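Here is the structure we will look at.
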Amino acid sequence: MTNDLTRRGFLGVAGAATAAGVVTGAATAAEEEASSQPGGIKILGICCSPRKGMSTAASLQVGLDAAKEVAPERIEVELVELAGMKINGDLAAGVPLEPGERDDFPSLVPKLSDPKVAGMIIGTPVYFSNMTSLCKAFLDRLVLCHS
Ligand SMILES: Cc1cc2nc3c(=O)[nH]c(=O)nc-3n(C[C@H](O)[C@H](O)[C@H](O)COP(=O)(O)O)c2cc1C
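The numbers in the numbering used here rise by one with no breaks, and the one at position 27 of the sequence shown is 39.
Structure, rendered in structure tokens:
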């Protein structure tokens, strides 16, 4: 039996499968939500790569575009890139910032808490089989923001 599955080939197939999964999931959820909200809805794509405009951002944009296609006049989408932002996860546990330390999470709150936001697609690169530290810090802070 020959094994013609190269790493590059596998990554290509895996990437296509991931993109298809994102597109299908986003489109189905968007369709259901948009039909139950008379004023239309907004879906945010949160990109947790520290590198702006790279592969995670591109993948998210595919999902967002697919969601918008379901009902372009009623579904608004926005890609939010966390690249370049300082988000301190320790604040979620009540540990204060150091004097002079920057924290950009509050600047995201108006966007995150917009009542039109019916869904978020969170995208992260894999870093050592896990989400990026930026993604983890964002999620830690997001939970408190919505509690
Ligand atoms: C610190 C670090 C750790 C990584 N760990 C993994 C890993 O465990 N598995 C993997 O497949 N790729 C790993 N990668 C590769 C990234 O997941 C991959 O390059 C990703 O596409 C980067 O996304 P971006 O282009 O949106 O920044 C790692 C990259 C970095 C910088």
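C-beta atoms are modelled at their ideal positions from N, C-alpha and C, and glycine is treated no differently.
On a predicted model such as this, the values are computed, not experimentally measured, just so you know.
Enclosing beta strand (DSSP E) for residue i [first to last residue]
{"i": "Leu56", "result": "53-59"}
Same chain only: Cβ atoms within 6 Å of residue i, ignoring 5 sequence neighbours per side
{"i": "Leu156", "result": "Ala104"}
{"i": "Cys147", "result": "Cys60, Thr136"}
Residue range of the unbroken alpha helix (DSSP H) whose run includes residue i
{"i": "Val82", "result": "67-82"}
{"i": "Lys123", "result": "117-124"}
{"i": "Ser141", "result": "No alpha helix (DSSP H) holds Ser141; DSSP gives it neither H nor E."}
7 Å Cβ shell around residue i - same chain, five flanking residues per side excluded
{"i": "Arg63", "result": "Ala95"}
{"i": "Met97", "result": "Asp116"}
{"i": "Ser93", "result": "In the sequence under discussion, the amino acid at residue 93 is Glu, which differs from the Ser named in the question. The answer, listed in chain order, is Cys59, Lys64, Ala69."}
Helix, strand or coil at residue i [DSSP, three-state]
{"i": "Ala104", "result": "helix"}
{"i": "Ala95", "result": "coil"}
{"i": "Glu3", "result": "Since the displayed the chain opens at 13 and closes at 159, residue 3 lies outside it and no answer follows."}
{"i": "Val129", "result": "strand"}
{"i": "Lys148", "result": "helix"}
{"i": "Leu109", "result": "coil"}
{"i": "Arg153", "result": "helix"}
Close Cβ partners of residue i (< 8 Å) along its chain, the five nearest in sequence each way excluded
{"i": "Leu109", "result": "Asn100, Leu103, Asp115"}
{"i": "Thr144", "result": "Cys60, Ser61, Pro62, Thr136, Pro137"}
{"i": "Glu88", "result": "Gly52, Ile53, Lys54, Ile55, Lys80, Lys128"}
{"i": "Gln73", "result": "Gly57, Leu91"}
Bridge-paired residues (DSSP) for residue i
{"i": "Gly135", "result": "Cys59"}
**Lining residues of ligand 3 - beta-carbon closer than 5 Å to any non-hydrogen atom, in sequence order** = Among the ligands in the structure shown, ligand 3 does not appear; only ligand 1 can be found there.
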